[in-house]
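Engineer: Per the working numbering, residue 98 is the first one in the sequence shown, and the count goes up by one each step.
Just so you know, even glycine gets a beta-carbon here, dropped at the ideal spot from N, CA and C.
Nothing here was measured: the structure is a model prediction, and the numbers come from that model.
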Amino acid sequence: MPGVAPAMLCCVMANGGGGSGRVRGFPTHGVWRRPGLRWTDALVAAALLGLLYGVLRLAPALNAPFLPDTAPSTVSTDPVHLPYYAARSLLRMFAALALSVLFTLAYATVAARVRRAERVMLPVLDILQSIPVLGFLSITVTAFLRLFPGSVLGLECAAVFAIFTAMAWNMTFALYASLVSQPADLDAAARLMRLTRWQRFWRLDVPSGMIPLIWNGMMSFGGAWFFLAASESLSVLGHHYALPGLGSYAATAIRAGDLGQVGLAIAVTAVLVIGVNALFWRPLTVWSERFRMDEVPPAERVTSRSLVLDILRRSAVPGLLARPLRPAATALDHATRPLGRTPRAAGPAPRTRGGPRVLLPGAAAVLAALAGWRALAYLHDTVGLGELGHALGLGALTLARVVVLVAVATLVWVPIGVWIGLNPPVTRFAQPVIQVLAAFPANLLFPFAAAVFLAWHIPLNLGAVLLMALGAQWYILFNVIAGAAAIPADLREATASLGVRGAVRWRTFLLPAVFPAYVTGGITAAGGAWNASIVGEVVQYGDHTLTATGLGAYITEATANGEVPKILLGISVMALYVVAVNRLLWRRLYALAETRYRL
């Protein structure tokens, strides 16, 4: 019988094959042979054991004794310590990434599914995105030190939280945009299959948002490298602390003006970036292609490969580790059934009428007015109300730099991103290169840039735009590449068969198709540029300190001097500018992308 496995045919009937006998199956010889230990299993097991051993070796240092008055403010720049520093920095980065993923899954899902919560959560996310890393450090370092008195764990938690604030907001915006633009037919299928909220989350929402989540997670991870020095070499409220890590090593070398040691830090960081990309992000991006929903012809499919992913797929170790988790997943599936099913489509629901529509905004307005009044009173009693006008003027200068940066990055990277995304061979070659460039912490190059600015007499008021762009422009490029690659093949074939070419093709097809992805990249690039102004408007090189006129330099100097009123004022003004621009520009572009340019 063709098509039937030999093992299914190898059976006889008891009692000579009589109909009343019991069927007994005899497996073939191959079934009795247990598969031996494959080299892939040994390699994966050794890698996991090595990773576990490294974490256990680092664990005692995370709970070492710590006294704020005698804590070191610098770290040794002896190159022999660089491997240890690299391990400590990587542990902080991945701890912050894990927290960011958990925050993103929870926050973006609630914001996309609950209309009333969305009206509050999106403005809060705008404000959180607008607060610079130094602002979070100023608030949280003292709190974490009190939470873990006498232990360096408090300082470690503050550093991890600071890195988390450099990752989470971009990932949350990306997943939220994916959820609200979810195709209506998938939503209808989920409701037709009567999936519970929990089942829908894991079987539809997370898979449909996996590609933007991984790509923006990779971008956020790269952006966190940018702020690693500020997170490990802390200068808060007049106190200076240094945690062992690549960021603090680079900060110490930059303050000493030793470009050789800065070059060593750059070399080690480059090795780490390439290694993390090859061992972690590259396998994830290749694996995420399984969640692509459009049908791409084989000739146009980007056949990306990852050696690490191939080894994991051939190994039985991941399956063995996942096997004990399956009963827990089944139990959660049953336990969450009382949560009910999703009653509506994925996108925002129509606005409610009546009391809640009036009471909630009214209560928020009253609370905002009270908070503003108290803030003005505190400002009047400390630095005077005249400082508010000064900070607003500095914010306007930084806003001008952000606008120039986003405009130039749009003109440069949108055409390049569309070209890369529409050409699979180019995408296959460009993806790993761009991933490494985007993940590299450009602020390590700032001392060399400062040397060039000094030699060529370039003012930092102009050079700060370039320095900020090094850390923010990649958000636009990555999202445009992803948006162009996601254009359905049938639409591309239709435009080609109709003979649409040149400027008409760009205006009527390509730009509208990548517009939702560009909006996500634009808002995160703008937020990244505001954050980058903290380190881009004040650059130190040995005994030379270049300072631009702007809000980022204002916050940096206030943080270094421990001037709490100015820190709060600078953060508040930056949040005001970011929220205003997001509400007046980017939110309207988001709505336009959802209603008019949704594929």
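Exposed or buried, which one is Ser186 when buried takes at least 16 other CB atoms within 10 Å?
Structural biologist: Here residue 186 is taken as the residue at index 89 of the sequence shown, counted from 1. Ser186 comes out buried.
Engineer: Is the beta carbon of Met671 sitting closer than 9 Å to the one on Ser317?
Structural biologist: Against the sequence shown, residue 671 aligns to sequence position 574. Against the sequence shown, residue 317 aligns to sequence position 220. No, they are not a contact pair.
Engineer: Under 8 Å by Cβ, that's how I've got Ser328 and Val249 pegged, so tell me the actual separation to the nearest angstrom.
Structural biologist: Taking the sequence shown and counting its residues from 1, the one referred to as residue 328 is at position 231. Taking the sequence shown and counting its residues from 1, the one referred to as residue 249 is at position 152. Going by Cβ atoms, the distance from Ser328 to Val249 rounds to 14 Å, so no, they are not a contact pair.
Engineer: Distance check for Gln637 and Ala158, CA to CA, integer angstroms please.
Structural biologist: Taking the first residue of the sequence shown as position 1, residue 158 is located at position 61. Taking the first residue of the sequence shown as position 1, residue 637 is located at position 540. Going from the Cα of Ala158 to the Cα of Gln637 covers about 30 Å.
Engineer: Check the C-beta distance from Gly514 over to Leu574 and give it rounded, since I have them as a contact under 8 Å.
Structural biologist: As a working note, residue 514 is residue 417 in the sequence shown. As a working note, residue 574 is residue 477 in the sequence shown. Contact flag correct, Cβ pair sits at about 5 Å.
Engineer: Along the chain, where does the beta strand (DSSP E) that runs through Leu643 open and close?
Structural biologist: By one-based count along the sequence shown, residue 643 stands at place 546. Residues 641 to 644.
Engineer: Give the DSSP-derived three-state secondary structure of Ala339 in the structure shown.
Structural biologist: The residue you call residue 339 lines up with position 242 of the sequence shown. Three-state result, Ala339: strand.
Engineer: Considering only residues of the same chain and omitting the five flanking positions on each side of Ser197, which have a CB-CB separation below 8 Å?
Structural biologist: The sequence position of residue 197 within the sequence shown is 100, counting from 1. Within the same chain, Phe261, Met264, Ala265, Met268, Gly314, Ser317 come within 8 Å of Ser197 by CB-CB distance, once the 5 residues on both sides are set aside.
Engineer: Tell me the start and end of each unbroken alpha helix (DSSP H) in the stretch 538 to 600 that is at least 4 residues and wholly inside, in chain order.
Structural biologist: 543 to 553, 557 to 569, 571 to 582, 586 to 594
Engineer: Look at the alpha carbon of Ala442 and the alpha carbon of Arg212, and state the distance between them as a whole number of angstroms.
Structural biologist: The residue labelled residue 442 in the question sits at position 345 within the sequence shown. The residue labelled residue 212 in the question sits at position 115 within the sequence shown. Because the pLDDT at Ala442 is just 48, under 50, the model does not fix this residue reliably, and the point stays unresolved.
Engineer: For Gly115, which residues of its own chain have a beta-carbon under 6 Å away from its beta-carbon, when the five flanking residues on both sides are left out?
Structural biologist: On the sequence shown, residue 115 is found 18 positions in, with the first residue counted as 1. With a pLDDT of 42 at Gly115, under the threshold of 50, the modelled position of this residue cannot be trusted, and the question is left open.
Engineer: Quick check for students: name the residue ranges of the beta strand (DSSP E) that lie wholly in the stretch 609 to 642, counting only runs of 3 or more.
Structural biologist: 635 to 638
Engineer: Starting from Gly372, trace the alpha helix (DSSP H) both ways and give me its first and last residue.
Structural biologist: The sequence position of residue 372 within the sequence shown is 275, counting from 1. DSSP places Gly372 inside the alpha helix (DSSP H), whose first and last residues are 356 to 373.
Engineer: For Leu376 and chain B, any beta-carbon pair shorter than 9 Å?
Structural biologist: Chain labels in this structure do not include chain B; a single protein chain is all it has.
Engineer: What does a CB cutoff of less than 7 Å around Thr621 pick up in its chain, not counting 5 residues either side in sequence?
Structural biologist: As a position in the sequence shown, residue 621 is number 524, starting the count at 1. Once the five neighbours on either side are set aside, the close Cβ partners of Thr621 are Asn267, Phe270, Tyr572.
Engineer: On a Cα-Cα basis, can you pick out the residue from Val480, His431, Gln528 that is closest to Ile371?
Structural biologist: Locating residue 371 in the sequence shown gives position 274, counting from the first residue. Of the candidates Val480, His431, Gln528, the one whose C-alpha sits nearest the C-alpha of Ile371 is Gln528.
Engineer: Reducing DSSP to helix, strand and coil, say where Leu607 ends up.
Structural biologist: For this step, residue 607 is matched to residue 510 along the sequence shown. Reduced to three states, the DSSP call for Leu607 is helix.
Engineer: On the criterion of 16 or more Cβ atoms from any shown chain inside 10 Å, does Arg448 qualify as buried, or is it exposed?
Structural biologist: Working through the sequence shown from its first residue, we reach residue 448 at position 351. Low local confidence applies: a pLDDT of 48 at Arg448 is under 50, so the model's placement there is unreliable, and no value is given.
Engineer: How is Pro220 classed by DSSP in three states: helix, strand or coil?
Structural biologist: To locate residue 220, count along the sequence shown from 1; it is residue 123. Note: Pro220 maps to helix in three-state DSSP.
Engineer: For the pair the stretch 530 to 539 and the stretch 587 to 601, tell me if three or more CB-CB distances fall below 8 Å.
Structural biologist: When C-beta atoms of the stretch 530 to 539 are compared with those of the stretch 587 to 601, fewer than three pairs fall below 8 Å, so the two segments do not count as touching.
Engineer: Skipping 5 residues on each side, what residues in its chain have a beta carbon closer than 8 Å to that of Leu563?
Structural biologist: Counting from 1 along the sequence shown, the entry for residue 563 is found at position 466. Taken in chain order, the residues that qualify are Ala546.
Engineer: Relative to the alpha-carbon of Ala614, which residue among Thr507, Leu219, Leu542, Gly649 has its alpha-carbon at the smallest distance?
Structural biologist: Translated into positions along the sequence shown, residue 614 becomes position 517. With distances taken between Cα atoms, Ala614 lies closest to Thr507.
Engineer: Alpha helix (DSSP H) containing Ala690: first to last residue?
Structural biologist: Taking the sequence shown and counting its residues from 1, one reaches residue 690 at position 593. Segment 684 to 692, the alpha helix (DSSP H) holding Ala690.
Engineer: Output yes or no for whether 9 Å exceeds the beta carbon distance between Ala362 and Leu588.
Structural biologist: The residue given as residue 362 occupies position 265 in the sequence shown. The residue given as residue 588 occupies position 491 in the sequence shown. No, Cβ-Cβ distance for Ala362 and Leu588 is not below 9 Å.
Engineer: If you draw a straight line from the alpha carbon of Leu404 to that of Val368, how long is it in whole angstroms?
Structural biologist: The sequence position of residue 404 within the sequence shown is 307, counting from 1. The sequence position of residue 368 within the sequence shown is 271, counting from 1. Taking the straight line joining both Cα atoms gives about 18 Å.
Engineer: Could you tell me the boundaries of the alpha helix (DSSP H) in which Glu701 lies?
Structural biologist: Lying outside 98 to 696, the shown extent of the chain, residue 701 is not represented and no answer is given.
Engineer: So what does DSSP say about Pro162, is it helix, strand or coil?
Structural biologist: Residue mapping note: residue 162 aligns to position 65 of the sequence shown, counting from 1. Here Pro162 sits in strand by DSSP.
Engineer: Counting beta carbon pairs with one atom in the stretch 543 to 559 and one in the stretch 296 to 309, are three or more of them shorter than 8 Å?
Structural biologist: no
Engineer: Would you report the Cα separation of Ser330 and Leu222, rounded to the nearest angstrom?
Structural biologist: The residue labelled residue 330 in the question sits at position 233 within the sequence shown. The residue labelled residue 222 in the question sits at position 125 within the sequence shown. Cα-Cα distance, rounded: 27 Å.
Engineer: Taking the straight line between their C-alpha atoms, what separation do you get for Leu252 and Arg154?
Structural biologist: Mapped onto the sequence shown, residue 252 falls at position 155. Mapped onto the sequence shown, residue 154 falls at position 57. Computed Cα separation, rounded: 19 Å.
Engineer: Rounding to the nearest angstrom, what Cα-Cα distance links Ile652 and Leu665 in this structure?
Structural biologist: Mapped onto the sequence shown, residue 652 falls at position 555. Mapped onto the sequence shown, residue 665 falls at position 568. So the alpha carbons of these two residues sit roughly 9 Å apart.
Engineer: Label Asn160 either buried or exposed according to how many other C-beta atoms from any shown protein chain fall within 10 Å of its C-beta, with 16 as the threshold for buried.
Structural biologist: To locate residue 160, count along the sequence shown from 1; it is residue 63. Exposed is the call here.
Engineer: For Leu331, which residues does DSSP report across the bridge?
Structural biologist: Locating residue 331 in the sequence shown gives position 234, counting from the first residue. Leu331 is bridged to Tyr338.
Engineer: Specify, as a first and last residue, the run of the alpha helix (DSSP H) that Arg189 falls within.
Structural biologist: Sequence index remark: in the sequence shown, residue 189 carries index 92 (1-based). Residues 179 to 210.
Engineer: With distance defined between alpha-carbon atoms, name the residue in Phe388, Trp384, Arg352 nearest to Ile408.
Structural biologist: As a position in the sequence shown, residue 408 is number 311, starting the count at 1. The shortest C-alpha separation from Ile408 is found at Trp384.
Engineer: Take the Cβ of Trp378 as the centre, count every other Cβ of all protein chains shown within 10 Å, and call the residue buried at 16 or more, exposed below.
Structural biologist: Here residue 378 refers to the residue found at position 281 of the sequence shown. Within a 10 Å sphere around the beta-carbon of Trp378 sit 16 or more other beta-carbons, which makes this residue buried.
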